[in-house]
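In the numbering used here, the protein residues as written are 224 to 459.
Each residue gets a CB set at the ideal place from its N, CA and C atoms; glycine is no exception.
Values in this document were obtained by computation on a predicted structure and should not be read as measured data.
Reviewing the structure listed below.
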Ligand code: SF4
């Protein structure tokens with residue numbers, strides 16, 4: 224097993240390298256793509272969550288053999304690095320190993336990663352996903368951390384001098400996302416915005432994308448519109 228890999232397709236818009244630490248994720252987001260990507264039963268994916276076999280050992284072996292250094296490595300695509308209610312020591316050990324070899328991490332979570340802030344510095348990124356507000360997350364992401372608390376974590380990370388980012392993908396509630404950008408833009412060093420794919424939505428994507436982009440520009444935010452949303456905005 225080689226834990227560090229180069230993501231392809233839409234995932235490549237998030238980073239050049241990534242590590243997936245756990246076998247599954249308990250957050251149960253209804254739009255989760257991971258079981259499909261991994262060809263795993265959805266229920267098994269959400270209920271069987273443990274560190275992948277020898278993940279830290281194999282990671283250290285790969286870092287040593289391939290001399291991977293100076294990279295920013297995304298955690299994680301097919302799971303969450305901070306699965307709520309589970310022991311996340313494996314994530315801590317992965318971060319330690321990556322940084323020992325001169326790499327940086329780009330964390331993305333719907334859990335609570337604050338336990339590892341002491342390992343991060345001004346070249347690391349702590350990011351959270353926000354798709355909707357505290358009122359709708361219980362039905363959309365029933366076992367994840369409240370989105371409001373995720374933003375508070377981001378604020379704490381920023382205070383610690385860690386770079387912060389938000390993935391607004393998939394956008395489930397356009398008004399909430401626009402309000403978060405409008406009111407909390409000063410918490411984010413970077414934002415990425417993407418549409419909901421493969422599931423129905425009554426959001427007018429072109430209109431939402433244009434409003435979001437205008438807001439980002441007005442607030443001086445470093446932003447990236449994911450390709451599928453950009454395509455909707457560019458439609459004649
Ligand atoms: S946090 Fe990510 S990996 Fe976990 S259930 Fe939600 S979408 Fe899937």
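Inset, instruction - Using three-state DSSP, classify residue 350 as helix, strand or coil. - result: strand
Legend entry - Those runs of the alpha helix (DSSP H) which lie wholly inside the stretch 379-452 and span at least 4 residues: Segments of the alpha helix (DSSP H) lying fully in the stretch 379-452: 397-407, 428-441.
Legend entry - Below 5 Å from a heavy atom of the ligand SF4 - residues by beta-carbon: 248, 250, 252, 255, 257, 303, 333
Legend entry - Cβ pair count under 8 Å reaching 3, the stretch 308-318 against the stretch 250-261: The way I'd put it, the stretch 308-318 doesn't touch the stretch 250-261; fewer than three beta-carbon pairs between them come closer than 8 Å.
Inset, instruction - Quick one: grab the DSSP three-state call for residue 307. - result: coil
Inset, instruction - Under 8 Å Cβ to Cβ from residue 276, same chain only, skipping five residues before and after it: list those, please. - result: Same-chain partners within the cutoff: 224.
Inset, instruction - Classify residue 343 as helix, strand or coil using the three-state DSSP reduction. - result: coil
Inset, instruction - Would you kindly check if the distance between the Cβ of residue 309 and the Cβ of residue 332 is under 8 Å? - result: no
Legend entry - Anticipated Cβ contact below 8 Å, residue 412 with residue 445, distance rounded: So it is a contact: roughly 7 Å between Cβ atoms.
Inset, instruction - Measure the Cβ-Cβ separation of residue 455 and residue 435 and say whether it is below 8 Å. - result: no
Inset, instruction - Please say whether residue 392 and residue 437 have beta carbons closer to each other than 8 Å? - result: Contact: no.
Inset, instruction - Please classify residue 330: does DSSP put it in a helix, a strand, or coil? - result: Three-state result, residue 330: strand.
Inset, instruction - Check residue 370 in the structure and name its three-state DSSP category. - result: Reduced to three states, the DSSP call for residue 370 is helix.
Inset, instruction - Compute the distance between the beta-carbons of residue 299 and residue 385, then report whether it is under 8 Å. - result: Inclusion of residue 299 and residue 385 in the CB contact set at 8 Å is not warranted, their separation being larger than that value.
Inset, instruction - Note down, in chain order, each residue of its chain lying with its Cβ closer than 7 Å to the Cβ of residue 286, except the 5 sequence neighbours on either side. - result: 320, 324
Legend entry - Sequence-distant residues of its chain with Cβ nearer than 6 Å to residue 490 (five each side left out): Coverage of the chain is limited to positions 224 through 459, which leaves residue 490 absent and any answer about it impossible.
Inset, instruction - Within its chain, find whatever has a CB closer than 7 Å to the CB of residue 246; leave out the 5 residues flanking it on each side and keep chain order. - result: 271, 272, 273, 275
Legend entry - Beta carbon of residue 237 nearer than 8 Å to that of residue 294: no
Legend entry - For residue 233 and residue 459, the rounded distance between their alpha carbons: 23 Å
Inset, instruction - Please confirm if residue 283 has its CB atom under 8 Å from at least one CB of chain C. - result: The chain labelled as chain C is not found in the depicted structure, where only one protein chain is given.
Inset, instruction - Could you give the DSSP three-state label for residue 292: helix, strand or coil? - result: coil
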